[in-house]
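The structure under discussion appears below in the form of structure tokens.
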Amino acid sequence: MNPNWDTIVIGGGPAGSTTAGLLSKGGQKVLLLEKDTFPRFHIGESLIPYGNDVLHELGVWSKLEQTGFMPKLGAEFTLGNAAGFQRYWFGKNLAPRYAKTFQVERAKFDHILLQHAEEQGTTVLQLAKMTSVEVDSKGVTVAYDHEGASHKAKARWIVDGSGRTSVLGQALKVPRSDLGMPKKIAVFSHFRDVLRNDGDAGGHITIVRLEHGWFWFIPLDKDKTSVGLVQTISSLKSQKLKPEESFQHAVENNTEIRFRMKNAERLEAFRTEADYTFRHNVASGNRWLLAGDAAGFIDPIFSSGVMVALRSSQLAARAILKADAQGRGLSGFEQWNYTRRVKKMTSVFLDMIRMFYDRNAFEVFMGPNPRLDMPRAVLNLVAGNTDLTWDLQWRVWVFYTMCKLQKYIKLAPRLSFAESPRRPKPVLTT
Amino acid sequence: MEKVTLDRIRQLIVENCMLKVASESIGEETLLFGPEGLGLDSIDALQLTLGIESTFNTPIKDPKLAIQILRTPGTIKHWVIRQLEFNA
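Chain order of the listed sequences is A and B.
Just so you know, my numbering puts 1236 at position 358 of the first sequence, and the rest follows in order with no gaps.
Just so you know, my numbering puts 80 at position 11 of the second sequence, and the rest follows in order with no gaps.
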């Protein structure tokens, strides 16, 4: 195979295939190396509307509609004891193009995106594993194994879309931070016959906040629902239970979860992901960029992963096309600006994620003050709007200020996670 | 057992809190307390709590929980449906 390329992309998930698709569309010769073979399972099954623009630009939106992914019109949050409930509709207060997005089984979704990149002209090699990379001011040389042989490829650019492993970030020893977040563990699987919401809310993601942790319910299609429990590793350890036992325990002991799972049948083995929070301090050099999870991943709670992957890949592809047309690498300013913009996306979510895990702040989130049009500002955050206009920005500041004050002054009702005592089961007499 | 519908919940609110509004004018997400909503007070809350209990046989014993549950007609419906499933 021709060893000379314009750009080499590592990884065929949403970040890799979006970058590759946009670069190919822009006229570049792109080689994409994927270590796995598609379709393959991946977690992160809920999209948020502010990723829609990129799917439209890629030209893949209509394919997603035809595939029959579950339309997602909003998100809802409740408590394990079912007391308190906050439902958001994207169609209320957002531009029509953000009124809907999708819940996606990632095996299918990622495969569609990868095939789409191939249709745009990207050369995709599956079961191709990068073994080494050298980057200099002119470009990169990548060594990879494919079909039992070692190969070399050269390019002017390299984009790392390899996910949280971030093979390029590791190879270049890019410094990273855990952002001071406690280490967490997610345990999850796909189920049949999980109880759904009625009507248009049937495609909503449901987040159930427990005192120590939370559940996601993501309806994937007519039958299948993804259900997962996230908690801190220290909380799991204190229970002295295995992850799947902890999941079952939570199902039995929380009204909301038990209600939704009463007829549920598990379709696959449980899976776990742990200790996933990190962010690279720098996301670009003059010939390389980190996109999506490879740049950083904070937490699954607000479903930001795919959105950040799509949007950062769009920025990466634009930066490359612009500099490449002028026959140069990325300037210091462009590198800094790319890092800044990707960090800004993750920072908006970092604030929300910290809010969600803080009990006082969560109380404000569950009872946003309608007087200041607060629910609209929160809706924008939930939808993934990371470029807030001024009229939303100040509301968001007020919201977070209220979140901080809630510890001292009751600005929103205090929440109780207590379960109502269960009535004893009737004793059967023979 | 009585079915939990939005209409029934709205009717309970109007009856127990002696509101002079048509129950259809109350939305699923209308706030029951505060100036932005129906402006119910603590007496109304108590009446409504008792009304819910006697209608559905679902007592709300913790006042903190009551405030959470009685936020909107939607939150009442959400909670009562689940109580009936496991506690009735």
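Don't be surprised by glycine CBs; every beta carbon is placed ideally from N, CA and C.
Predicted, not measured: the structure shown is a model, and the values here were computed from it.
On the three-state DSSP scale, how would you describe residue i?
{"i": "B/L81", "result": "helix"}
{"i": "A/T1084", "result": "strand"}
{"i": "A/M948", "result": "strand"}
{"i": "A/R1157", "result": "strand"}
{"i": "A/M1230", "result": "helix"}
{"i": "A/I926", "result": "coil"}
{"i": "A/D1171", "result": "helix"}
{"i": "A/Q964", "result": "strand"}
{"i": "A/R918", "result": "coil"}
{"i": "A/S1015", "result": "coil"}
{"i": "A/K913", "result": "coil"}
{"i": "A/K1115", "result": "helix"}
{"i": "A/M1280", "result": "helix"}
{"i": "A/E1212", "result": "helix"}
{"i": "A/K1062", "result": "strand"}
{"i": "A/A1187", "result": "helix"}
{"i": "A/D1269", "result": "helix"}
{"i": "A/F955", "result": "strand"}
{"i": "A/I888", "result": "strand"}
{"i": "A/D1251", "result": "coil"}
{"i": "B/S123", "result": "helix"}
{"i": "A/S940", "result": "helix"}
What does residue i pair with, by DSSP beta-bridge criteria?
{"i": "A/R1070", "result": "A/K1102 and A/E1143"}
{"i": "A/H994", "result": "Answer is none; A/H994 lacks a bridge partner."}
{"i": "A/A1027", "result": "A/H1024"}
{"i": "A/F1093", "result": "A/V1086 and A/L1107"}
{"i": "A/Q981", "result": "A/S924 and A/M948"}
{"i": "A/N882", "result": "A/K1032"}
{"i": "A/A1152", "result": "A/I1063"}
{"i": "B/L109", "result": "B/F102"}
Just mark residue i as buried or exposed, buried being the case when its beta carbon has 16 or more other beta carbons within 10 Å.
{"i": "A/Y1286", "result": "exposed"}
{"i": "B/P142", "result": "buried"}
{"i": "A/L910", "result": "buried"}
{"i": "B/M87", "result": "exposed"}
{"i": "B/I82", "result": "buried"}
{"i": "A/F1093", "result": "buried"}
Using only CA atoms, which one of the options lies nearest to residue i?
{"i": "A/A1296", "options": "B/G106, B/P132, B/L75 and B/T141", "result": "B/P132"}
{"i": "A/F1180", "options": "A/G904, A/V1086, A/T1279 and A/R984", "result": "A/V1086"}
{"i": "B/R77", "options": "B/D113, B/L117 and B/L100", "result": "B/L117"}
{"i": "A/R1196", "options": "A/N1131, A/E1212, A/E1134 and A/L1107", "result": "A/E1212"}
{"i": "A/G889", "options": "A/T1000, A/K1102 and A/V1108", "result": "A/T1000"}
{"i": "A/S1067", "options": "A/R1232, A/L1098, A/E912 and A/G1081", "result": "A/L1098"}
{"i": "A/V1011", "options": "A/R975, A/Y976, A/A1049 and A/T1043", "result": "A/A1049"}
{"i": "A/R1292", "options": "A/I926, A/D1236, A/T1267 and A/N1258", "result": "A/D1236"}
{"i": "A/G1174", "options": "A/P949, A/E1151 and A/K1221", "result": "A/K1221"}
{"i": "A/Q1126", "options": "A/L1145, A/S1113, A/G1106 and A/S1116", "result": "A/G1106"}
{"i": "A/M1008", "options": "A/K903, A/L925 and A/K913", "result": "A/K913"}
{"i": "A/A1006", "options": "A/Y928, A/K1100 and A/T915", "result": "A/T915"}
{"i": "A/Y1154", "options": "A/L942, A/P1248, A/G1183 and A/R1042", "result": "A/R1042"}
{"i": "A/M1230", "options": "A/T1019, A/K986, A/S1182 and A/A1021", "result": "A/S1182"}
{"i": "A/G832", "options": "A/G1026, A/L1073 and A/P892", "result": "Coverage of chain A is limited to positions 879 through 1308, which leaves residue 832 of chain A absent and any answer about it impossible."}
In chain order, what residues of the same chain lie with their CB nearer than 6 angstroms to the CB of residue i, ignoring the 5 residues before and after it?
{"i": "A/R965", "result": "E954"}
{"i": "A/L936", "result": "G899"}
{"i": "A/K978", "result": "P949 and L951"}
{"i": "A/Q1117", "result": "S1124"}
Tell me which same chain residues have a C-beta within less than 8 angstroms of the C-beta of residue i, skipping the five on either side of it?
{"i": "A/L1250", "result": "R1273 and V1276"}
{"i": "A/P881", "result": "H1029, K1030, A1031 and K1032"}
{"i": "A/T1110", "result": "P1060, K1061, K1062, I1063, H1090 and G1091"}
{"i": "A/E1143", "result": "F1069, R1070 and D1071"}
{"i": "A/L1145", "result": "S1067, H1068, F1069, R1070 and K1102"}
By Cβ distance, which residues of its chain are closer than 7 angstroms to residue i, with the 5 residues on each side in sequence left out?
{"i": "A/A1255", "result": "L1270, R1273, V1274 and F1277"}
{"i": "B/I159", "result": "Any property of residue 159 of chain B remains undetermined from this structure, which presents chain B solely from 70 to 157."}
{"i": "A/Q1284", "result": "N1238, A1239, E1241, V1242 and A1290"}
{"i": "A/L1266", "result": "N1258 and V1274"}
{"i": "A/I1198", "result": "T885, L901 and W1035"}
Closer than 7 angstroms by beta-carbon distance: list the chain C residues that pair up with residue i, in chain order.
{"i": "A/R1249", "result": "The structure shown has no chain C; the protein chains it does contain are A and B."}
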